[in-house]
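Chains as they are written, first to last, in the working numbering: chain A, 91 to 417; chain B, 659 to 793.
Accompanying notes for the structure given below.
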Amino acid sequence: MSDALFWYGCNMTRHAEIIRLGQRMLAAVGVGASPIGGPGACCGSPKESTPRIAEGMANRTMERFGAWASGVRSAQGGAAEGGEHRSRESAADRGVRSAQGGAAEGGEHRSRESAAAPQAPPRVITWCPSCHMNLDDFMGRTKEKGFDHRHLCEALWEGREALAPLLRHPVRARFLVDRHIGFHAEVPVNDIIPALLALIPGAEHLDHPYRGGSYMCFGLANVPGALADHQRALLAALRETGADTLVTIFHSCHRELVGLEKNHGIRVVNWVHLLAEAMGWAYQDDYKAWRNAEDPLAAIGPERVAAAGEVAVKKLVLPELARPRPV
Amino acid sequence: MVAHPDWSALRAAETARMLAACTRCGRCAEVCPMLPYAEGAQGAPAPALVEGVLEVLAGGEGSAAARGWIAACTRSGACNAACPEAVNPRLMLRLAKWRANETGALPKRDAAEAMSRVKAFARLGFSATEQEEWL
């Protein structure tokens, strides 16, 4: 039984390689984490137009996580009993603040338990900001947690002394990070991600003050005109800074921004991809390849289409891959 | 010991707290990056927008401008940093949207295929073992 779960959420099923790379990176910094997500481990967010259904999904997830955490504690001999949070700043918060020379931007951070604390409780490592915020705002306020939670970037930042020596392969990229206003107050992603990528030899972070609305591109995609404006602002920031690479933080941003690669002369990668390249790890960004293919169905290939179900792929997958590009 | 027995109790407690704590100053609306995209909200006084949101939160219809703002909220949280009363306007707008979905003041987002799509992508991208272990 793993001491940690890597809760990737639901819409990350589009990006299997990021899940694999994330799990491998956690292992590289000493965190054994089992990926979990999809409809069976949902925070309820996709169904929140009907809160009763969202609550039912979230409760099932909490019960599943609770049973897992109980098993971990039993295996540890009850040493980590309780799992209550202490009012101490996390190592990640401290580290980034130190790296930034002061307080991280965007307001207050919630105090969380130190990773260095002895007999640490079982840990759920999050990826999706919707899941993370639902855990804070609803799930953890209505169900006993019995586990600690951290975002992936925080866990990697905590393990940066182990991570940094593994980043041996130079990556020639002058990159701009797609940063949003939201979620940063919960997890200082807008500081941690550039700080992690700054460990990569050859990569140059080009800062820019622009921050998009929402906390990831998914929200903007549902408001007419907002995603197009965001993409135009990012392209302007890329031109202004001379960046050649756009780095996405979250899955929905990656989903919405990889299409820019086709017509705008830039490269679009997720931050996990960039770290993997620096570690010399091969990966294939299938979603980007499919999204930018002239014929997405052919790009997926007949064997994979057959395995996934041709009717489902044509009804559910192809319309998304072939959707219009906002800019 | 959890703070609330279920989401309904949590929502009821938060709604009562917000209705009591909010002074309708309008700072949350003034700093909102999504207001330019809110249908019918351009030019509306910020305090009136907030008053409309609170009406929706309490189960009423609210103004068209307030409903437009609620619909355009993408949880940037810029409002939370600006709120002088620590009301948590981000959660206030989210709960108002849920209430509006329930009363019919705002249409529900169609998420009928969301999970089917998640599963279809999993079948495309995950190995058989990964599907068994990760889902």
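Heads up, the beta-carbon is just placed ideally off N, CA and C, and yes, glycines get one too.
Computed from a prediction, not measured in an experiment: that's the story for all the values here.
The three-state secondary structure of His105 (chain A), taken from DSSP, is helix.
Arg752 (chain B) and Tyr305 (chain A) have their alpha carbons spaced roughly 14 Å apart. Taken through DSSP and simplified to helix, strand or coil, Arg114 (chain A) comes out as helix. Per the DSSP secondary-structure output, Val403 (chain A) pairs with nothing in a beta bridge. Collapsing the DSSP output to three states places Leu266 (chain A) in a strand. Within the same chain, Arg357, Val358, Lys378, Asn382 come within 8 Å of Glu351 (chain A) by CB-CB distance, once the 5 residues on both sides are set aside. Cβ contact annotation for Gly161 (chain A) (same chain, cutoff 8 Å, sequence separation greater than five): Met91, in chain order. Residue environment analysis places Val708 (chain B) among the buried positions, since at least 16 neighbouring C-beta atoms fall within 10 angstroms of its C-beta. Runs of beta strand (DSSP E) with 3 or more residues, each lying fully within the stretch 254–326 of chain A, are found at 263–267, 293–295, listed in chain order. By the neighbour-count criterion, in which a residue is buried when 16 or more other Cβ atoms sit within 10 angstroms of its Cβ, Met692 (chain B) is buried. Listed along chain B are Leu749, each with a C-beta nearer than 7 Å to that of Asp227 (chain A). Below 8 Å, enough C-beta pairs join the stretch 231–245 of chain A and the stretch 148–156 of chain A to call them touching: three or more. The beta carbon of Cys343 (chain A) lies closer than 6 Å to those of Asp268, Met306, Cys307 in the same chain, with the five residues before and after it left out. Inside the stretch 230–257 of chain A, DSSP marks whole beta strand (DSSP E) runs of 3 or more residues at positions 238–241, from first to last along the chain.
Ranking A:Ser220, A:Ala326, A:Asp319 by CA distance to the CA of Glu276 (chain A) puts A:Ser220 first. Taking a Cβ-Cβ cut-off of 7 Å, Arg725 (chain B) has no neighbours in chain A, whose nearest Cβ is about 14 Å from it. Per DSSP, the continuous alpha helix (DSSP H) segment holding Leu350 (chain A) begins and ends at 350–353. Of all alpha-carbon atoms in B:Ala716, B:His662, B:Ala729, the one lying nearest the alpha-carbon of Tyr695 (chain B) is that of B:Ala729.
Interface with chain B (9 Å Cβ-Cβ cutoff): Pro136 (chain A) is included. One Cα belongs to Ala123 (chain A), the other to Gln700 (chain B), and the distance between them is close to 48 Å.
Identification of chain A residues near Val714 (chain B) by a Cβ-Cβ cut-off of 9 Å yields none; the smallest Cβ-Cβ distance measures about 15 Å. For Phe265 (chain A), the closest alpha carbon among the candidates A:Ala288, A:Glu251, A:Leu256 is that of A:Ala288. Annotation: the continuous beta strand (DSSP E) that includes Gly99 (chain A) extends over 94–99. The contact set of Asp376 (chain A) on chain B, defined by CB atoms closer than 8 Å, consists of Leu782, Gly783 in chain order.
Residue-level contact check: Ala687 (chain B) does not touch chain A, since none of the beta carbons of chain A fall below 9 Å from its beta carbon. Arg775 (chain B) has a beta carbon lying within less than 9 Å of a beta carbon in chain A. Shortest Cα-Cα distance from Arg142 (chain A) to any of B:Glu790, B:Met773, B:Ala769, B:Trp756 involves B:Trp756.
With a cut-off of 8 Å on Cβ pairs, the stretch 710–728 of chain B is in contact with the stretch 755–770 of chain B, counting three or more such pairs.
By the neighbour-count criterion, in which 16 or more other beta carbons inside 10 Å mark a residue as buried, Met229 (chain A) falls on the buried side. Distances from the alpha-carbon of Cys686 (chain B) to those of B:Ala786, B:Ala744, B:Asp664, B:Asp768 put B:Ala744 closest. At the C-beta level, Leu317 (chain A) and Leu336 (chain A) stay beyond 9 Å of one another.
For the alpha helix (DSSP H) assignment, the uninterrupted runs of no fewer than 4 residues enclosed by the stretch 326–376 of chain A are, from N- to C-terminal side, 341–347, 350–353, 361–369.
Thr787 (chain B) and Leu387 (chain A) have their C-alpha atoms some 24 Å from each other. Exclusion of the five residues before and after Ala389 (chain A) leaves Ala379, Trp380, Ala383 as the residues of its chain whose Cβ lies within less than 7 Å of its Cβ. Close to chain B, meaning a Cβ-Cβ distance shorter than 9 Å, are the following residues of the stretch 109–131 of chain A: Ile109, Arg110, Ser124, Pro125, Ile126, Gly127, Gly128, Pro129, Gly130, Ala131. Under DSSP, Val395 (chain A) shares a beta bridge with no residue.
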